[in-house]
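Participant:
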Amino acid sequence: HVNSDDLNHTTNVAALNPSHHHNYNPHDHDDIGDTVVVNNTDKKFMGVISEKRVTDMNLDEFLSYGPQRDPAKVGKPLFRKTKDGRIFEWKVEKDDHLCTLEEMFQKINHSKGFNIEFKFDDNIVYKEEELVHVIQVVLCIVFKYARNRSIFFSSFQPDVALLTRKLQSTYPVFFLTNGGVETYTDVRRNSLDEAMKLCLAGGLNGIVCEVRSILRNPGVIKRIKDLKLSLISYGQLNNVGEVVNAQILMGVDGVIVDLVQEIIEVVADFGKEVEKKSIVEEENDDGFKCSEKQLSSLMKVIGMKYICS
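So for the sequence shown, the UniProt record's numbering puts the first residue at 1; every next one is plus one.
(1) Whole angstroms are fine: how far does the CA of residue 239 sit from the CA of residue 259?
(2) Spatial neighbours of residue 250 within its chain, please: CB distance less than 6 Å, with the 5 preceding and 5 following residues excluded, ordered by chain position.
(3) Taking residue 206 and residue 174 to be in contact with their CB atoms under 8 Å, please state how far apart those CB atoms are, rounded to whole angstroms.
(4) Count the other CB atoms, across all protein chains shown, that sit within 10 Å of the CB of residue 119; report buried if there are 16 or more and exposed otherwise.
(5) Across which residues does DSSP place residue 81 in a beta bridge pair?
(6) Let me know the beta strand (DSSP E) ranges lying completely inside the segment 232-272, each 3 residues or longer, listed in chain order.
(7) Over what stretch of residues does the alpha helix (DSSP H) that includes residue 221 continue unbroken?
(8) From residue 268 to residue 142, what distance separates their C-alpha atoms?
(9) Residue 211 and residue 234: beta carbons closer than 9 Å?
(10) Would you tell me roughly how many angstroms separate the C-alpha atoms of residue 264 and residue 48, rounded to the nearest one?
(11) According to DSSP, residue 76 sits in a beta bridge with which residue or residues?
(12) For residue 135, which of helix, strand or coil comes out of DSSP?
(13) Once DSSP output is grouped into helix, strand and coil, what is the label at residue 206?
(14) Have a look at residue 164 and residue 150 and give me their C-alpha separation to the nearest angstrom.
(15) When the Cα atoms are used, what is the spatial distance from residue 123 to residue 115?
(16) Rounded to whole angstroms, what is the Cα-Cα separation between residue 253 and residue 230?
(17) Give the secondary structure of residue 120 by DSSP, where H, G and I count as helix, E and B as strand, and everything else as coil.
(18) At which residues does the beta strand (DSSP E) containing residue 187 begin and terminate?
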């Protein structure tokens, strides 16, 4: 499954350290992997609910859901199912028809990069050949259409991240992890320490982690950077300006956000303030440094209200 949304959607990964050697400018982190296909339009959900994985559909069936390319056609309705089993209508401010990865490469401006995330069901044990097949299908499209577009791959599935690196070395591969915010049967997914081990063992380029995992243990950021690994964070807290500013000070390379323009403005304003007051300074292109007092003050602004929410 490849993340997709509006073909003209603004990128939602902001690079916090532009001097870093990777160019983080992926397309969109939201996905339809947790949607529920409902075969009737009753808003009270009365009737039969048909739940399908995107990967179990053929292309025509997949494209038949949601807004259609032909305005005269009405697509089948989409609903969202949360982790606790609740079902909600699919409501967004702006929507567009579903598309293929090939179309994304062809229609999205080349200045926009892609974060191609491989998504797999946590409850299924996949054979290696199944994983390889999915990765190779995507790689065929990437190598055919990518040209000079900035791209990186990512996955919560450790073996997929390792295989993606094994099957190609052109583009960076990142391991996605909750960093211990949730617990899984695969221990490699349960901590940032395990994530670092995986990256070093498999030659991965970096980690994309849930922001709470680094806010609760800021010291881990330096350990990750000392290993020459890149670090990006995701999570609802990244829509809070103070949280993003704290990560700038701590040396995080990029953040995945929903409120793209708002956070860009917050970062820009904070950068001007930092430069004006000489609070922080660049050091060997590895990130930023600041006094313990300054960082402590900003972390207090964030406070337990955010970190423990």
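Beta carbons are placed, not taken as given, at the ideal position from N, Cα and C, and that holds for glycine.
All of these numbers come straight from a predicted model, not from anything done at the bench.
Facilitator: Taking the geometry as given:
(1) As a first step, residue 259 must be located in the sequence shown, where it is residue number 259. As a first step, residue 239 must be located in the sequence shown, where it is residue number 239. Straight-line Cα distance between these residues: approximately 6 Å.
(2) The residue labelled residue 250 in the question sits at position 250 within the sequence shown. Result list for residue 250: 218, 221, in chain order.
(3) Stepping through the sequence shown from its first residue, residue 206 is reached at position 206. Stepping through the sequence shown from its first residue, residue 174 is reached at position 174. 5 Å between Cβ atoms; contact.
(4) To locate residue 119, count along the sequence shown from 1; it is residue 119. So residue 119 counts as buried.
(5) Translated into the one-based positions of the sequence shown, residue 81 becomes position 81. BP columns for residue 81 point to 87.
(6) The qualifying runs are 254-256.
(7) Within the sequence shown, numbered from 1, the residue matching residue 221 stands at position 221. That run of the alpha helix (DSSP H) goes 219-226.
(8) The residue given as residue 268 occupies position 268 in the sequence shown. The residue given as residue 142 occupies position 142 in the sequence shown. Distance between the alpha carbons of residue 268 and residue 142: 33 Å.
(9) In the sequence shown, residue 211 corresponds to position 211, counting from 1. In the sequence shown, residue 234 corresponds to position 234, counting from 1. Taking the C-beta atoms as reference points, residue 234 is found nearer than 9 Å to residue 211.
(10) Numbered from 1 along the sequence shown, position 264 holds the residue referred to as residue 264. Numbered from 1 along the sequence shown, position 48 holds the residue referred to as residue 48. Answer to the nearest angstrom: the Cα atoms are 44 Å apart.
(11) Indexing the sequence shown from 1 puts residue 76 at position 76. Residue 76 has 65 as its beta-bridge partners, per DSSP.
(12) If you number the sequence shown from 1, residue 135 lands on position 135. Shown here, residue 135 sits in a helix according to DSSP, grouped into three states.
(13) For the purposes of this step, residue 206 is taken as residue 206 along the sequence shown, with counting starting at 1. In the structure shown, the three-state DSSP call for residue 206 is strand.
(14) As a position in the sequence shown, residue 164 is number 164, starting the count at 1. As a position in the sequence shown, residue 150 is number 150, starting the count at 1. So the alpha carbons of these two residues sit roughly 16 Å apart.
(15) The count along the sequence shown starts at 1 and reaches residue 123 at position 123. The count along the sequence shown starts at 1 and reaches residue 115 at position 115. Approximately 24 Å between the Cα atoms of the pair.
(16) On the sequence shown, residue 253 is found 253 positions in, with the first residue counted as 1. On the sequence shown, residue 230 is found 230 positions in, with the first residue counted as 1. Cα to Cα, residue 253 sits roughly 6 Å from residue 230.
(17) What you label residue 120 is simply residue 120 of the sequence shown in a count that begins at 1. The three-state reading of DSSP puts residue 120 in coil, since its state is none of H, G, I, E or B.
(18) Along the sequence shown, read from residue 1 onward, the residue named residue 187 stands at position 187. For residue 187, there is no enclosing beta strand (DSSP E), as DSSP gives it neither H nor E.
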